[in-house]
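One structure below.
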Ligand SMILES: Nc1ncnc2c1ncn2[C@@H]1O[C@H](COP(=O)(O)OP(=O)(O)OP(=O)(O)O)[C@@H](O)[C@H]1O
Ligand SMILES: [Mg+2]
């Protein structure tokens, strides 16, 4: 069997934060890789380094040492300008607390994010895909938490990025709404062929992933491959 193409290779990545005279080693020689089209869950306790890692993969922060190879290019060598292009065209980011612009409608929020992207999808089509056809002209304050998170997923996906990065995407949602959002992210992976990384501390959802990366104290504790990932409907917690 031909081996799958690796989209992301994280190699001995470290991130040290200097706070006053002390150093915080948020990531310590961390390594793992992600195949094209894979759904990866990064699991770890609070403070394990999950957000730090996702921010570096998303081009929002830079590593202290190590390599981060995306599509065969080591992006730790990127200049500010190259990182801006990378953030714009390569990655879509879904935040725990949505981060929508409150004075723009759902549609305008998505339109804003695709404004400078090269191969973006139609914002209306993507909002329809996430089930918000009837709510496009509402402001975030007029939408439920789950609907706002769907707008934020639409905003990330509409850019047509190679990689979708999600930091605790269900952290602010109730159980059933959280399940809907995870099911949507899984569809984005399987139907739109996106590579999806979901960061969470909810170990119950690990069974939906193709690969689970366990992080502890800024290092990879183990990597588990699920040969038969479960559908989110089959998972209870
Ligand atoms: N900008 C920063 N300056 C200093 N320390 C930081 C900074 N960002 C993160 N840290 C520290 O790095 C460690 C990892 O933080 P991180 O936010 O990545 O954890 P996390 O796994 O996302 O946790 P949570 O599940 O609570 O979101 C923590 O000890 C945190 O206090
Ligand atoms: Mg975090």
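Residue numbers (our numbering): 297 to 533.
By construction, the Cβ of each residue, glycine as well, lies at the ideal position given by its N, Cα and C atoms.
Output needed for residue 450: all residues of its chain with C-beta closer than 6 Å, excluding positions within five of it in sequence on either side, in chain order. The residue labelled residue 450 in the question sits at position 154 within the chain shown. The residues are 406, 422, 423 and 426.
Rounded distance between the beta-carbons of residue 453 and residue 284, thought under 8 Å: With the chain running from 297 to 533 in the structure shown, residue 284 is simply not present.
Given residue 534 as reference, the closest of 375, 388 and 439 once Cα atoms are compared: What the structure shows of the chain is the stretch from 297 to 533, and residue 534 is not part of that stretch, so it cannot be assessed.
Where the beta strand (DSSP E) containing residue 325 begins and where it ends: For the purposes of this step, residue 325 is taken as the residue at position 29 of the chain shown. Per DSSP, residue 325 belongs to the beta strand (DSSP E) from 318-331.
So, is residue 303 buried or exposed, given that buried needs 16 or more other C-beta atoms within 10 angstroms? Counting from one through the chain shown, the residue named residue 303 turns up at place 7. Burial call: buried.
Quick one: which unbroken alpha helix (DSSP H) runs of 4-plus residues sit fully inside the stretch 356-412? Chain order, please. 376-385 and 402-410
Among 493, 346 and 318, nearest to residue 512 - alpha-carbon criterion: Start at 1 with the first residue of the chain shown, and residue 512 comes out as number 216. Here the closest residue by C-alpha is 346.
Using the three-state DSSP reduction, which class does residue 470 fall into: helix, strand or coil? Within the chain shown, the letter at position 174 stands for residue 470. Note: residue 470 maps to coil in three-state DSSP.
Based on Cα-Cα distance, which residue from 515, 526 and 378 lies nearest to residue 507? Position 211 of the chain shown, counting from 1, holds the residue named residue 507. Closest by alpha carbon: 526.
Beta-carbon proximity list for residue 479, same chain, < 6 Å, skipping 5 on both sides: Numbered from 1 along the chain shown, position 183 holds the residue referred to as residue 479. For residue 479, where only same-chain residues beyond five positions count, the Cβ hits under 6 Å are 528.
In this structure, does DSSP put residue 428 in helix, strand or coil? For the purposes of this step, residue 428 is taken as residue 132 along the chain shown, with counting starting at 1. Looking at residue 428 - three-state DSSP - the assignment turns out to be coil, as it is neither helix nor strand.
Return helix, strand or coil for residue 531, following the three-state DSSP convention. Looking up residue 531 in the chain shown gives position 235. Correct three-state label for residue 531: coil.
Residue 386 classed as buried or exposed, judged by whether at least 16 other C-beta atoms fall within 10 angstroms: Residue numbering aside, residue 386 sits at position 90 when the chain shown is read from its first letter. It counts as buried.
Which value, in whole angstroms, describes the spacing of the CA atoms of residue 438 and residue 399? To locate residue 438, count along the chain shown from 1; it is residue 142. To locate residue 399, count along the chain shown from 1; it is residue 103. Cα to Cα, residue 438 sits roughly 11 Å from residue 399.
If you compare alpha carbons, which of 414, 369, 502 and 531 is closest to residue 522? The sequence position of residue 522 within the chain shown is 226, counting from 1. For the residues 414, 369, 502 and 531, the minimum Cα distance to residue 522 belongs to 502.
Verify the contact flag: residue 357, CB atom, against every heavy atom of ligand 2, threshold strictly below 7 Å. Translated into positions along the chain shown, residue 357 becomes position 61. No, the beta carbon of residue 357 sits no closer than 7 Å to any heavy atom of ligand 2.
Residue 343: beta carbon under 7 Å from a heavy atom of ligand 1? In the chain shown, residue 343 corresponds to position 47, counting from 1. The answer is yes for residue 343.
With a Cβ-Cβ cutoff of 8 Å, do residue 310 and residue 359 count as a contact? In the chain shown, residue 310 corresponds to position 14, counting from 1. In the chain shown, residue 359 corresponds to position 63, counting from 1. Result yes, Cβ atoms of residue 310 and residue 359 sit closer than 8 Å.
Grouping DSSP H, G and I as helix and E and B as strand, with all else coil, what is residue 523? Taking the first residue of the chain shown as position 1, residue 523 is located at position 227. In this structure, residue 523 counts as coil in the three-state DSSP scheme.
Are residue 468 and residue 434 closer than 8 Å when you measure CB to CB? Here residue 468 refers to the residue found at position 172 when the chain shown is read from its first residue. Here residue 434 refers to the residue found at position 138 when the chain shown is read from its first residue. Cβ distance not < 8 Å, so residue 468 and residue 434 don't count as in contact.
Using the Cβ count rule (16 or more neighbours within 10 Å means buried), how would you classify residue 301? Translated into positions along the chain shown, residue 301 becomes position 5. The residue in question, residue 301, is exposed, as its Cβ has fewer than 16 Cβ neighbours within 10 Å.
Whole-angstrom distance between residue 373 and residue 456, CA atom to CA atom: Within the chain shown, residue 456 is the residue found at index 160, counting from 1. Within the chain shown, residue 373 is the residue found at index 77, counting from 1. Taking the straight line joining both Cα atoms gives about 24 Å.
Residue 493 - containing beta strand (DSSP E), residue span: Here residue 493 refers to the residue found at position 197 of the chain shown. Residue 493 -> beta strand (DSSP E) spans 491-496.
The alpha helix (DSSP H) enclosing residue 351, as first and last residue numbers: Mapped onto the chain shown, residue 351 falls at position 55. Counting along the chain, the alpha helix (DSSP H) containing residue 351 begins and ends at 346-353.
Find the nearest neighbour of residue 328 within the set 531, 493 and 497, judged by alpha-carbon distance. By 1-based counting over the chain shown, the position of residue 328 is 32. Selected option, being the one with the closest Cα: 493.
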